[in-house]
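Chemist: Heads up: the sequence shown begins at 189 in the numbering used here, then just goes up one per residue. Let me begin by handing over the structure; questions about it come next.
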Amino acid sequence: MAVPLVVDPPVLRESGQREVFCGLTSIVWLHRRMPDAFFLVVGSRTCAHLIQSAAGVMIFAEPRFGTAILGERDLAGLADANAELDRLVAQLLQRRPEIRTLFLVGSCPSEVIKLDLAKAAERLNQQHHGRVQVLNYSGSGIETTFTQGEDGALQALVPLLPATDQDQLLIVGTLADAVEDRLVGLFQRMGIGRVVSLPPRRSTDLPAVGPGTRVLLAQPFLSGTARALVDRGAQLISAPYPLGVEGSRAWMAAAADAFGIAAAQVAQVLDPLVERGLQALAPHRELLTGKRLFLLPDSQLEIPLARFLSRECGMELVEVGTPYLDRQLMASELELLPPGTSLSEGQHLENQLDRVRAARPDLVVCGMGLANPLEAEGIATKWSIELVFSPIHGCDQAADLAELFSRPLRRHSLLQFN
Ligand code: SF4
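Shown next as structure tokens:
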């Protein structure tokens with residue numbers, strides 16, 4: 189399917205202090221998706237604390253590259269750091285023979301930045317040839333926001349995908365297993381014979397890719413992965429993302445269209461779902477209609493969420509912030525936003541908070557660090573990170589997605605009443 193013309197709405201671009209988790213955070217959901225992969229954070233104690241407190245993930249990010257040690261050393265120190273990394277990896281692989289793919293995840297302490305993790309991965313691949321695949325990507329807070337970590341990990345996998353000419357649908361982006369099973373079943377009922385996923389459920393069970401592959405992004409934050417797949421010959425399907433009834437239907441219909449499936453066949457499979465989804469959504473719509481929403485930039489899900497909450501739940505959009513706007517991947521979403529929606533890209537925290545305070549919205553979607561201060565000022569909030577941990581994709585999940593926004597409003601009004 190041809191990629192539509194990229195629409196070009198006015199966007200306020202900001203830079204300054206940011207308030208987002210770094211890309212290491214995505215390890216929390218990636219390690220659950222691929223239990224035979226291991227994410228070795230090469231970082232500091234801060235990185236270890238982040239991961240351990242966020243997910244209790246077993247990591248080996250000992251402070252072995254600490255500033256004090258390397259700061260006093262020259263290049264010989266870097267050689268020591270590489271030797272230490274090799275030693276840790278050998279120890280890890282000995283203790284955990286089930287690991288099939290090892291991701292070295294870079295971070296932002298200056299002594300880690302000096303390490304060339306791509307070279308380290310190459311070296312470790314030679315040392316452990318045939319036993320494990322070693323890949324690397326950056327989760328550094330300087331370069332990435334938390335969902336971009338998934339983009340980095342998937343992009344690192346793309347060169348390993350075998351080549352194929354076979355016609356197939358490739359769903360890209362982590363979904364809850366049960367949601368994915370349901371969506372794959374629907375695609376097959378519509379008549380798409382072969383449906384594969386990236387990331388796979390086993391890190392070595394990688395899908396093949398080639399000119400017959402149509403890529404359907406399940407998540408909007410996978411720009412690098414999408415481009416790497418297109419470079420491997422795949423065709424990118426342009427569609428809204430599968431959030432809400434309307435978005436999910438359009439997402440599935442776009443895939444069906446890419447395979448030449450008749451609209452009547454699509455309607456036969458999807459119409460009952462749409463009807464059920466809209467019915468389940470109705471009570472949430474009643475509560476959300478007319479409520480004013482401000483989305484601060486955090487997860488890159490903001491634009492699809494804003495589209496869902498305004499069109500299907502009747503919310504008024506005060507401002508829709510996104511950390512990074514990929515106009516091509518967002519083209520179908522931007523077309524659906526109400527005309528004149530205020531969009532902002534990047535972050536200048538103080539300026540954005542000034543706008544939030546001036547607008548006094550009913551609900552702010554934001555990072556965890558901002559929620560408490562805003563709640564203390566009497567503004568209801570929703571943590572955006574919750575959205576990447578919850579099964580929110582598909583028509584069947586639309587009511588659950590809406591409830592994630594209606595619940596804080598209900599709680600807030602109860603607190604005010606008391
Ligand atoms: S990568 Fe950087 S931002 Fe993330 S936890 Fe480590 S030090 Fe903090």
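Quick reminder that beta carbons are idealized off the backbone N, C-alpha and C, glycines included. Remember, it's a predicted structure, so these values are computed and weren't measured experimentally.
Taking only runs that begin and end inside the segment 540-595, name each unbroken alpha helix (DSSP H) of 4 or more residues, in chain order.
Modeler: 556-564 and 573-577
Chemist: Are Leu417 and Val397 closer than 9 Å when you measure CB to CB?
Modeler: yes
Chemist: For His237, count neighbouring Cβ atoms within 10 angstroms of its own Cβ and tell me buried if that reaches 16, exposed if not.
Modeler: exposed
Chemist: Tell me whether Pro297 counts as near the ligand SF4, meaning its Cβ is closer than 8 Å to at least one heavy atom of that ligand.
Modeler: Relative to the ligand SF4, the nearest heavy atom lies less than 8 Å away from the CB of Pro297.
Chemist: Work out the CA separation of Leu405 and Glu490 for me, nearest whole Å.
Modeler: 16 Å
Chemist: Considering only heavy atoms of the ligand SF4, does any lie closer than 8 Å to the CB of Ile330?
Modeler: True, at least one ligand heavy atom lies under 8 Å from that Cβ.
Chemist: Does Asp130 pass the burial test, meaning 16 or more other C-beta atoms within 10 Å, or should it be called exposed?
Modeler: The first residue shown for the chain is 189 and the last is 606, placing residue 130 beyond what the model contains.
Chemist: List the DSSP bridge partners of Gly294.
Modeler: Ser326
Chemist: Can you give the Cα-Cα distance for Ser498 and Phe227, rounded to whole angstroms?
Modeler: C-alpha separation (whole angstroms): 38 Å.
Chemist: For Leu358, does the count of other Cβ atoms within 10 angstroms reach 16, so buried, or fall short, so exposed?
Modeler: Residue environment analysis places Leu358 among the buried positions, since at least 16 neighbouring C-beta atoms fall within 10 angstroms of its C-beta.
Chemist: Mind the definition here: the segment 312-327 touches the segment 280-289 only if three or more C-beta pairs lie below 8 Å; say whether that holds.
Modeler: yes
Chemist: Which residues does DSSP pair with Ser385 in a beta bridge?
Modeler: Under DSSP, Ser385 forms a beta bridge with Ile359.
Chemist: Okay, do the segment 476-486 and the segment 549-560 touch, 3+ Cβ pairs below 8 Å being the bar?
Modeler: Enough Cβ pairs lie closer than 8 Å, so yes.
Chemist: Could you check if Asp262 is buried or exposed, using at least 16 other CB atoms within 10 Å of its CB as the buried criterion?
Modeler: Only weak support is given to the placement of Asp262: the predicted model assigns it a pLDDT of 38, under 50, and the value that follows is read from those uncertain coordinates. Its Cβ having fewer than 16 others within 10 Å, Asp262 is exposed.
Chemist: DSSP three-state call for Ser601: helix, strand or coil?
Modeler: helix
Chemist: Can you give me the C-alpha to C-alpha distance between Glu521 and Ala278, rounded to a whole angstrom?
Modeler: 46 Å
Chemist: Could you check what DSSP says for Arg370 in three-state terms: helix, strand or coil?
Modeler: helix
Chemist: Would DSSP call Phe375 helix, strand or coil?
Modeler: helix
Chemist: Taking the Cβ atom as the reference point for each residue, do Leu431 and Ile580 lie within a distance shorter than 9 Å?
Modeler: yes
Chemist: From Pro561, Leu461 and Leu603, pick the residue whose C-alpha is nearest to that of Cys583; which is it?
Modeler: Leu461
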